[in-house]
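Student: Below is the structure I would like to discuss, written out as structure tokens.
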Amino acid sequence: MQEHRPSTPHRGAAASVALGALAGAALTLLLGASIPGPAVPPGRTKPTPDQVSKETAAAMSVLNQFVGRWDIKGQSFDENDKPVGDFTGSATWAFTLDNNFLMGETTLQGGSYVLEQVDYIGYSPGLRKYTHVMMTELDKSMVYQHGEWMPEVGAFVFAMAAPLDTPTGTPRSVGMQYAFSNAGIAVNMTLQSGMKPARNVRLLMTRSTTPDAPTGADGMPTGGNVRVQYQQGDPAKMRAQMQQAIGQMSAQKQAMSKYFQDMNMGWDSQMDQLMEKQVSRGVDDQTREILRGPE
Numbered sequence: 020m021q022e023h024r025p026s027t028p029h030r031g032a033a034a035s036v037a038l039g040a041l042a043g044a045a046l047t048l049l050l051g052a053s054i055p056g057p058a059v060p061p062g063r064t065k066p067t068p069d070q071v072s073k074e075t076a077a078a079m080s081v082l083n084q085f086v087g088r089w090d091i092k093g094q095s096f097d098e099n100d101k102p103v104g105d106f107t108g109s110a111t112w113a114f115t116l117d118n119n120f121l122m123g124e125t126t127l128q129g130g131s132y133v134l135e136q137v138d139y140i141g142y143s144p145g146l147r148k149y150t151h152v153m154m155t156e157l158d159k160s161m162v163y164q165h166g167e168w169m170p171e172v173g174a175f176v177f178a179m180a181a182p183l184d185t186p187t188g189t190p191r192s193v194g195m196q197y198a199f200s201n202a203g204i205a206v207n208m209t210l211q212s213g214m215k216p217a218r219n220v221r222l223l224m225t226r227s228t229t230p231d232a233p234t235g236a237d238g239m240p241t242g243g244n245v246r247v248q249y250q251q252g253d254p255a256k257m258r259a260q261m262q263q264a265i266g267q268m269s270a271q272k273q274a275m276s277k278y279f280q281d282m283n284m285g286w287d288s289q290m291d292q293l294m295e296k297q298v299s300r301g302v303d304d305q306t307r308e309i310l311r312g313p314e
């Protein structure tokens, strides 16, 4: 897997600074409007493929801050900003689809409920924006957003880029903020439906303490031999054991993701070697494109 080198975000108090600095964008998030991208001067020349490639690589490198396994704690709040629910969970983030996208798989536990969520984040050089798709088991609709990296506060801000009406036609919106600091990633999700006051979900993602999943000599996850025994009748122990199971599942996902990425790197290397041999034999461009795919 190609390693993406992140730009260095502001650390220390970056999370709290980010939340304060982003407060002015709250109205934009609640209204579901897209955040304006960099101003393009009139008559700007069309970028060359090399310029597009460099811009995209630089933008994607910032996403490397997400990569890895994370433990999660957080709360949901009502319209008066009063806590109404607690969450614990785990997440894995890794590059996928030939490193074109970053994929996150999150499992959250709240009481007796378990929520699954899948996120994809990428960079669209044509829009000069980050794109974010979020799917959960609680909603038939996908959340689609545009966003910006704000290096001055070390945070990503995403806002709605497509309608997200309820089944009865009520407009709604979701805003996302990811603020990075030495403590981890502070996530703030703002949700609004119609004219109702906004509600928030706030999470803190910290580097996971769950051991890596065991793998074989070839890197394939073996599944291990850890079994979680649930103790009926003790809610506190049941929640702790559920969190342990979620952490182990997250470790397995990360190990499997790395295995497939390593396989893809090996396949790409073999194809490059094959192409060098075919070029030396005078293979035409169209045949090479069929073998390797368009660049």
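Its first residue numbered 20, the sequence shown is counted upward by one per residue in the working numbering. The C-beta atom is built at its ideal place from N, Cα and C for all residues, glycine as well. As the structure is a computational prediction, the values presented were derived from the model and not from experiment.
(1) What does the Cβ neighbour count give for I309, buried or exposed, with the cut at 16 atoms within 10 Å?
(2) For the candidate residues F96, P102, T107 and A77, whose alpha-carbon lies nearest to that of D90?
(3) Identify whether E167 lies in helix, strand or coil by the three-state DSSP scheme.
(4) Here's the rule: buried if 16 or more other CB atoms are within 10 angstroms of the residue's CB, otherwise exposed. What is K148?
(5) Could you round the C-beta distance between R221 and Q94 to whole angstroms and report it? I think they count as a contact, below 8 Å.
(6) Exposed or buried, N207, counting other C-beta atoms within 10 Å across all chains shown (16 or more means buried)?
(7) Does DSSP classify P190 as helix, strand or coil?
(8) Between L116 and I140, is the Cβ-Cβ spacing less than 8 Å?
(9) Three or more C-beta pairs closer than 8 Å, one from the segment 155 to 172 and one from the segment 183 to 196: is that the case here?
(10) Return the CA-CA distance between G123 and T67, expressed in angstroms with no decimal places.
(11) Could you please give me the residues that DSSP links to F199 through a beta bridge?
(12) With a CB to CB cut of under 6 Å and the five nearest residues on each side skipped, what residues in its chain are close to G203?
(13) Using the three-state DSSP reduction, which class does V81 fall into: helix, strand or coil?
(14) On the three-state DSSP scale, how would you describe T150?
(15) Does DSSP classify A44 as helix, strand or coil?
(16) Report yes or no: is there a C-beta of chain D within less than 8 Å of the C-beta of V206?
(17) State the start and end residues of the unbroken beta strand (DSSP E) segment that holds V172.
(18) How long is the line joining the alpha carbons of E135 and A110, rounded to whole angstroms?
(19) Taking buried to mean at least 16 other C-beta atoms within 10 Å of its own C-beta, is D138 buried or exposed?
(20) Going by C-alpha distance, which of T125, S131 and G145 is nearest S72?
(21) On the premise that Q164 lies in contact with M179, defined as a C-beta separation below 8 Å, what is that separation, rounded to the nearest angstrom?
(22) Provide the residue span of the beta strand (DSSP E) that contains V86, from first to last.
Tutor: Per the coordinate set shown:
(1) Any reading at I309 must be qualified, since the residue scores a pLDDT of 47, below 50, and its modelled position is unreliable; the value itself is stated next. Counting Cβ neighbours within 10 Å, I309 comes out exposed, since fewer than 16 surround it.
(2) Nearest C-alpha to D90: T107.
(3) Reduced to three states, the DSSP call for E167 is strand.
(4) When all chains shown are included, K148 counts as buried.
(5) The Cβ separation is near 6 Å, so the contact holds.
(6) N207 is buried by the Cβ-count criterion.
(7) DSSP, reduced to helix, strand and coil, places P190 outside both helices and strands of the structure shown, so it counts as coil.
(8) Result no, Cβ atoms of L116 and I140 do not sit closer than 8 Å.
(9) The answer is yes - the segment 183 to 196 touches the segment 155 to 172, with three or more Cβ pairs under 8 Å.
(10) When rounded, the distance between both Cα atoms is 31 Å.
(11) Residue pairing by DSSP puts F199 in a beta bridge opposite I204.
(12) Excluding positions up to five away in sequence, the list reads L223, M224 and T225.
(13) DSSP, read as helix, strand or coil, puts V81 in helix.
(14) T150 falls in the strand class under three-state DSSP.
(15) With a pLDDT of 45 at A44, under the threshold of 50, the modelled position of this residue cannot be trusted; read the value that follows with caution. It is helical.
(16) Any reference to chain D falls outside this structure, which holds one protein chain only.
(17) Neither: V172 is in no beta strand (DSSP E) and is coded neither H nor E.
(18) The straight-line gap separating the alpha-carbon atoms of E135 and A110 is approximately 10 Å.
(19) With 16 or more other CB atoms across the displayed protein chains lying within 10 angstroms of its CB, D138 is buried.
(20) Each of T125, S131 and G145 was checked against the Cα of S72, and the nearest Cα belongs to G145.
(21) Right, the Cβ-Cβ distance comes to about 6 Å (below 8 Å), so this counts as a contact.
(22) Per DSSP, V86 lies in no beta strand (DSSP E) and is assigned neither H nor E.
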